[in-house]
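**Student:** Mapping the sequence shown onto numbering that gives the first Met the number 0, position 315 (from 1) lands on 314, and the numbers just tick up by one.
Where a beta carbon is used, it is the ideal one built from N, C-alpha and C, also for glycine.
The structure presented is a predicted model; accordingly, all values stated were derived computationally and were not measured.
Below are the structure tokens for one structure; questions will follow.
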Amino acid sequence: MEENKTPRPINPINRPAPAAGSRVVKPVSPPPPQKPAQPARPNLPPKGTTTPPPLKPPVGQPGAGNPATKRVAVQQPRPTSQTASKGVPSAPKPKAKEPVSESRFSKAEMPIRASEKFTVDEELDESRLRPTGLSLSIKYAIFTALIVAIALCLLVFFAQQAVQKEVDYEINKAGIRLVKVLSALDMSYWKEIAQRGEGSIDPLSLLDIKSAEGDKRQVTEPTILNLVIVEKRDKEEIPLCGMNTKAGQITLRDYRDLLITDENIDIKEGKYFESLTSRMVRTRMFTKEIRDKDRLVQGKVILFLSATQIDEVLNKLLIAFLFPALISVMIGGVVGFVMAKHITKPVKDLMYDMQVVSGGDLDHQSSVKTSDEVGVLAKTFNIMTKSLKVAHQKEVETKALERELNIAREIQYNLLPKEIPALAGYDISAHYKPCYEVSGDYYDLIQIDDNNLGVIVADISGKGIPASMIMTMTRSLVRIESEHNLSPANILTKVNRILARDVRRGMFVTALYYILNIPTGTIKVASAGHNPLLVWRSAQRKYELIHPNGLALGFDRGPMFEKLVQEQTLQLNAQDRLVSYTDGVTEAMNAKTEEFGATRFYNIATQSDKQESSQFINVVMKALQDYKGNAPQHDDITIVSIRRT
0 MEENKTPRPI NPINRPAPAA GSRVVKPVSP PPPQKPAQPA RPNLPPKGTT TPPPLKPPVG
60 QPGAGNPATK RVAVQQPRPT SQTASKGVPS APKPKAKEPV SESRFSKAEM PIRASEKFTV
120 DEELDESRLR PTGLSLSIKY AIFTALIVAI ALCLLVFFAQ QAVQKEVDYE INKAGIRLVK
180 VLSALDMSYW KEIAQRGEGS IDPLSLLDIK SAEGDKRQVT EPTILNLVIV EKRDKEEIPL
240 CGMNTKAGQI TLRDYRDLLI TDENIDIKEG KYFESLTSRM VRTRMFTKEI RDKDRLVQGK
300 VILFLSATQI DEVLNKLLIA FLFPALISVM IGGVVGFVMA KHITKPVKDL MYDMQVVSGG
360 DLDHQSSVKT SDEVGVLAKT FNIMTKSLKV AHQKEVETKA LERELNIARE IQYNLLPKEI
420 PALAGYDISA HYKPCYEVSG DYYDLIQIDD NNLGVIVADI SGKGIPASMI MTMTRSLVRI
480 ESEHNLSPAN ILTKVNRILA RDVRRGMFVT ALYYILNIPT GTIKVASAGH NPLLVWRSAQ
540 RKYELIHPNG LALGFDRGPM FEKLVQEQTL QLNAQDRLVS YTDGVTEAMN AKTEEFGATR
600 FYNIATQSDK QESSQFINVV MKALQDYKGN APQHDDITIV SIRRT
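Here you go:
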């Protein structure tokens, strides 16, 4: 058989076959030592705050050396089932275990008290909580100034549109009035003026002589750049008279059509060359036909009015608005900044409150009392702080309980056999796997004398700490009563007398106790309501179930237990195997809550009759794991196997 290089498990009892006539003592691997958790970084109070320092625990309590450090005890892993095959050398004998005491644990494992403040993972600095960009006050001021500037721009734009429309209307009104008056004069009148040689005259000056309405026109026109009377001859248009009748002075460049009025006055706007300034100016041209009595076109009046006053008015408007606009923007920015300071002050106060709480002061409450959303946020923050304090206290209690459970678990492991007697002619192995941190299962191997070995497997009702306490009591009583006592029934009877008086009603212990006479292989067995003892008969190729009558320990305080308990004797021959176990084996459940069952367990014992005890236990545990799958462990598991070689 090849050597199995698998390392030895935690706290199982395994033994390779010893040499004939030899007596060796093989140690059992102790549970792995606990490693202290790394303490959290110390909590530094933020600069500029008045946060009180964390409270120190009283002198002598764990953790007094470093009150600002959060301590977490490392949870010890549960034992696994791995056993060494025949031929693997025994593990070295472990050092004697130290008694469980506070001194064995580092400060990082000490439980924190409810009075201690919790810490954060990183140091807090006030500069880290200071905004790195623009503050809300400055942002709000800029935003307000932008709103005011945009509003003023819109106001100026619409004012420009209104003023421009009004100026356009006035220019058009003046031009339309003039051309209507001049076009009302008969064309013969203008021909007469031209024949006199008065072509280069201002036609407006002639309004004193004759008017379409019989009176002098009193009008205030914009600057008149030119006014020309044109006669229509066949298909040609000939200037008769006007202010400037040169051909180049009666044209408009880059013009655009504005409108044609109901009186058939054509209005255009473009650029006109002004001879006095020798520059192109913005101009509007008004054209009106001159008709005779028969409504025939005789000529037309062309009027050029300067439109530069539109730009002048708009520029004056911009200048008039510029200074008030700047003042308004500045006032808006200042008002926005002041309002923002008032609005953001509760937010800054809330930021300070968060800094204090994050530093560890869970008693701190926010002083913000506004009735707006920030006030609601402050109330929620206060509720959160109270809830965080309660949660922290529960966490402290949970950590302390976890540490105590770890200590209880270590104590319970110390109560299990630290080493197994390696008996010549016998192959002994055991496996113990708790369901929780502490277990209600218990087994023990008691060397009564040189010729007798007591073996007990027990299962306490319930789980957790109460069951582990009853387990401790039962172990102590069994060990005391087993001294120089070779009657399993008598031992269980004496244990029951004491245990029944002390356990709470409803709690009990099932146990199977047998004594092996090493030289002869004789077995005396008694049961206290426990699972039967499985005996594999190698010669007959079958198994037997030894199940003596008996009542559970602690169930009855006297006569009934003593009356029912029985003791049975059997012989263990060569290659025969004894298997004692708890119901965690047969009642293991899969995801469908279906039990593994005793039949499967008995079949495994039948198929593994030639295997060593450690290999047999490995097969059983693998079958349980395969059957259970991803389902949680339902109950504590304990198996003890003795095979006579």
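If you count every other CB in all the chains shown that lies within 10 Å of the CB of G557, and 16 or more means buried, which is it?
**Tutor:** Exposed.
**Student:** Quick one: grab the DSSP three-state call for D256.
**Tutor:** Looking at D256 - three-state DSSP - the assignment turns out to be strand.
**Student:** Mapping the DSSP letters down to three states, classify D362 as helix, strand or coil.
**Tutor:** Note: D362 maps to coil in three-state DSSP.
**Student:** Looking at the strands, I want to know which residues DSSP matches up with L444.
**Tutor:** In DSSP, L444 forms a bridge with V454.
**Student:** For Q163, collect the residues of the same chain with a Cβ closer than 8 Å to its Cβ; drop the 5 residues on either side in sequence, then sort them by chain order.
**Tutor:** Excluding positions up to five away in sequence, the list reads I309, V312 and L313.
**Student:** Could you check which residue in H363, D501, C152 and I616 has the C-alpha nearest to that of I382?
**Tutor:** Per the Cα distances, H363.
**Student:** Only counting the same chain, and skipping five residues up and downstream in sequence, which positions put a Cβ closer than 6 Å to that of G298?
**Tutor:** Once the five neighbours on either side are set aside, the close Cβ partners of G298 are M186, V229, E230, K231 and I289.
**Student:** Under three-state DSSP, which class holds A551?
**Tutor:** A551: coil per DSSP, three-state reduction.
**Student:** Under 8 Å by Cβ, that's how I've got Y431 and T598 pegged, so tell me the actual separation to the nearest angstrom.
**Tutor:** So it is not a contact: roughly 24 Å between Cβ atoms.
**Student:** Do N171 and L251 count as a contact pair if the criterion is CB distance below 9 Å?
**Tutor:** Taking 9 Å as the Cβ cut-off, L251 and N171 do not qualify as a contacting pair.
**Student:** DSSP on Y412, reduced to helix/strand/coil?
**Tutor:** In the structure shown, Y412 sits in a helix (DSSP, three-state: H, G or I).
**Student:** Quick one: residues in its chain with C-beta nearer than 8 Å to the C-beta of E594, no 5 flanking neighbours on either side, listed in chain order?
**Tutor:** Cβ within range, chain order: T585, E586, A587 and M588.
**Student:** Is Y168 helix, strand or coil by DSSP?
**Tutor:** Correct three-state label for Y168: helix.
**Student:** Below 9 Å between beta carbons: does that hold for I616 and S428?
**Tutor:** Yes, these two residues count as a Cβ contact at 9 Å.
**Student:** What does a CB cutoff of less than 6 Å around T369 pick up in its chain, not counting 5 residues either side in sequence?
**Tutor:** So the qualifying residues of the chain are P345.
**Student:** How long is the line joining the alpha carbons of K591 and A630, rounded to whole angstroms?
**Tutor:** Taking the straight line from one Cα to the other gives about 9 Å.
**Student:** Between the alpha carbons of H633 and G528, how many angstroms are there, rounded?
**Tutor:** Their Cα atoms are separated by approximately 21 Å.
**Student:** Using the Cα positions of T471 and S365, report the straight-line distance between them to the nearest angstrom.
**Tutor:** Distance between the alpha carbons of T471 and S365 is about 52 Å.
**Student:** Would V218 be called buried (16 or more neighbouring beta carbons within 10 Å of its own) or exposed?
**Tutor:** Confidence in V218 is poor, its pLDDT being 39 and thus under 50, which makes the residue's placement too unreliable to answer from.
**Student:** Pick helix, strand or coil for H391, following the three-state DSSP scheme.
**Tutor:** Three-state DSSP puts H391 in a helix.
**Student:** Using the beta-carbon count (16 or more within 10 Å), is R474 buried or exposed?
**Tutor:** Buried, because 16 or more other Cβ atoms sit within 10 Å of the Cβ of R474.
**Student:** How would you label A246, buried or exposed, when you count the other beta carbons within 10 angstroms and need 16 or more for buried?
**Tutor:** Exposed, because fewer than 16 other Cβ atoms sit within 10 Å of the Cβ of A246.
**Student:** Can you tell me whether T379 is buried or exposed, with buried defined as 16 or more other CB within 10 angstroms of its CB?
**Tutor:** So T379 counts as exposed.
**Student:** If you follow the alpha helix (DSSP H) that H341 is part of, which residue opens it and which one closes it?
**Tutor:** Residues T307 to S357.
**Student:** Which residue wins for smallest C-alpha separation from E409, given the options E611, S467, A183 and L569?
**Tutor:** Answer by Cα proximity: S467.
**Student:** According to DSSP, simplified to helix, strand and coil, what is T286?
**Tutor:** Strand at T286.
**Student:** By the 10 Å Cβ neighbour count, where 16 or more other Cβ atoms means buried, how is I522 classified, buried or exposed?
**Tutor:** It is buried - the Cβ of I522 has at least 16 other Cβ atoms within 10 Å.
**Student:** Assess, as a yes-or-no matter, whether the segment 385-397 is touched by the segment 408-425 under the definition of 3 or more beta carbon pairs within less than 8 Å.
**Tutor:** Counting Cβ pairs under 8 Å, fewer than three are found: no touch.
**Student:** Restricting to Cα atoms, I'd like to know which of L325, M329 and L376 is closest to V155.
**Tutor:** If we check each option's Cα against that of V155, L325 comes out closest.
**Student:** Taking buried to mean at least 16 other C-beta atoms within 10 Å of its own C-beta, is A319 buried or exposed?
**Tutor:** Label assigned to A319: exposed.
**Student:** Nearest-angstrom Cα distance between L153 and S327?
**Tutor:** Those two C-alpha atoms are separated by around 14 Å.
**Student:** Taking the continuous alpha helix (DSSP H) assigned at D501, which residues delimit it?
**Tutor:** Start and end: P487 to D501.
**Student:** Taking only the alpha-carbon atoms, compute the straight-line gap between A211 and L302 and give it to the nearest angstrom.
**Tutor:** Caution applies to A211, whose pLDDT of 41 falls short of 50 and renders its modelled position unreliable; the model cannot decide the point.
**Student:** Output needed for D352: all residues of its chain with C-beta closer than 7 Å, excluding positions within five of it in sequence on either side, in chain order.
**Tutor:** The residues are H363, S365 and F380.
**Student:** Report yes if the CB atom of D426 is closer than 9 Å to the CB atom of E543, and no otherwise.
**Tutor:** Not in contact: D426 and E543 (Cβ atoms no closer than 9 Å).
**Student:** Starting from K270 and walking both ways along the beta strand (DSSP E), at which residues does that stretch end?
**Tutor:** That run of the beta strand (DSSP E) goes D265 to E273.
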